[in-house]
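Anchor point for the sequence shown: position 78 equals 78 in my numbering, and the numbering is continuous, going up by one each time.
Right, one structure below, let's go through it.
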Amino acid sequence: MIKFFRKIRQKALTNNKFSKYILYAIGEIVLVVIGILIALQLNSKKAKSDTFKKQQNYLALIKGEMKNNLLTLSNESEDLLSIIEDNRKIIALMDSDSAATTINENDLSSLLLMPISRAISIDYENGAFKELISSGGLKDIHNDSIRTILRSWESKLITIKEQENALRQSLNKTIEYVEAHGNYRAVFDRIGLSEDLNINLSSKVTTNKHLLTSQKLENILLNYLACAIQLHEKNYPTFKNDIQSLIDMIDKELKK
């Protein structure tokens with residue numbers, strides 16, 4: 001089309017038809033401009049399409065990570081509940097004047113096992129989230145609600161990690177006290193761990209009943225219990241709801 005206008009323009013110039021020359025020159029310019037605008041529009045559409053595909057890919061990956069985190073949280077919450085229940089039982093025994101002499105040593109060993117052996121630690125999956133943030137791709141997430149949640153996600157993780165660290169510190173204090181004042185052999189013999197380790201049962205009388213009269217251990221366990229309840233009844237449920245809300249919003253976005 002441009003060649004066509006150019007030939008007519010040249011012919012008009014040859015025939016001294018200057019007005020026609022100007023007219024066809026303008027037509028040629030208009031065609032060039034239209035061509036440029038079309039090219040820009042096509043490039044813009046391609047860029048938007050590429051950005052949309054990248055967004056969908058990130059959202060799909062983040063959704064997968066969040067589903068795994070939700071499953072891990074549920075499993076850890078069950079173990080945390082066991083820790084809470086055993087701590088409560090031990091504290092209740094400490095409050096009893098006769099428990100230290102009447103409780104069965106096997107039962108006491110089973111109760112002591114969970115609070116001194118089970119650490120709650122979750123390695124949250126957030127590789128896709130980190131990549132999205134580091135690449136500057138967060139601005140390309142079209143859904144405002146999803147973008148707002150993702151922008152605050154790091155602070156949510158920090159809050160959870162801080163409470164988990166507080167719980168871990170309480171666990172370490174409990175372990176340190178039992179190591180210094182208790183008898184692991186009594187626990188190992190009575191829960192069958194000595195047999196698993198292929199060691200003979202102790203020939204001495206072993207007991208941990210004296211731990212039930214320790215005010216210091218009770219204080220440590222009370223702090224341990226408070227941290228565990230805070231995590232189990234407040235932090236984890238809130239975090240689970242946040243994760244589920246994010247998953248639901250991403251599901252809707254991916255269906256568009």
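Heads up, the beta-carbon is just placed ideally off N, CA and C, and yes, glycines get one too.
Proximity of residue i and residue j at Cβ, strictly below 8 Å
| i | j | result |
| --- | --- | --- |
| residue 91 | residue 232 | no |
| residue 61 | residue 208 | no |
| residue 140 | residue 55 | yes |
| residue 187 | residue 82 | no |
| residue 212 | residue 114 | no |
| residue 128 | residue 58 | yes |
| residue 175 | residue 116 | yes |
| residue 202 | residue 189 | yes |
| residue 68 | residue 125 | yes |
| residue 217 | residue 184 | no |
| residue 88 | residue 225 | yes |
| residue 250 | residue 63 | yes |
Three-way DSSP call (helix, strand, coil) for residue i in this model
| i | result |
| --- | --- |
| residue 87 | helix |
| residue 142 | coil |
| residue 136 | coil |
| residue 224 | helix |
| residue 257 | The structure shown does not extend to residue 257, since the chain is modelled only from 1 to 256, so the question has no answer here. |
| residue 207 | coil |
| residue 175 | helix |
| residue 118 | coil |
| residue 110 | helix |
| residue 8 | Reliability of the predicted coordinates at residue 8 is poor, the pLDDT of 49 falling under 50, and no value is obtained from them. |
| residue 21 | Caution applies to residue 21, whose pLDDT of 47 falls short of 50 and renders its modelled position unreliable; the value that the coordinates give is listed next. Helix at residue 21. |
| residue 201 | coil |
| residue 126 | coil |
| residue 82 | helix |
| residue 151 | helix |
| residue 96 | coil |
| residue 74 | helix |
CB-CB length for residue i against residue j, believed under 8 Å
| i | j | result |
| --- | --- | --- |
| residue 149 | residue 246 | 5 Å |
| residue 119 | residue 168 | 6 Å |
Segment limits, alpha helix (DSSP H) that includes residue i
| i | result |
| --- | --- |
| residue 252 | 236-254 |
| residue 190 | 184-191 |
| residue 101 | 99-102 |
Looking at C-beta atoms only, is the number of pairs between the region 124-134 and the region 227-241 that lie closer than 8 Å three or more? Too few Cβ pairs lie closer than 8 Å, so no.
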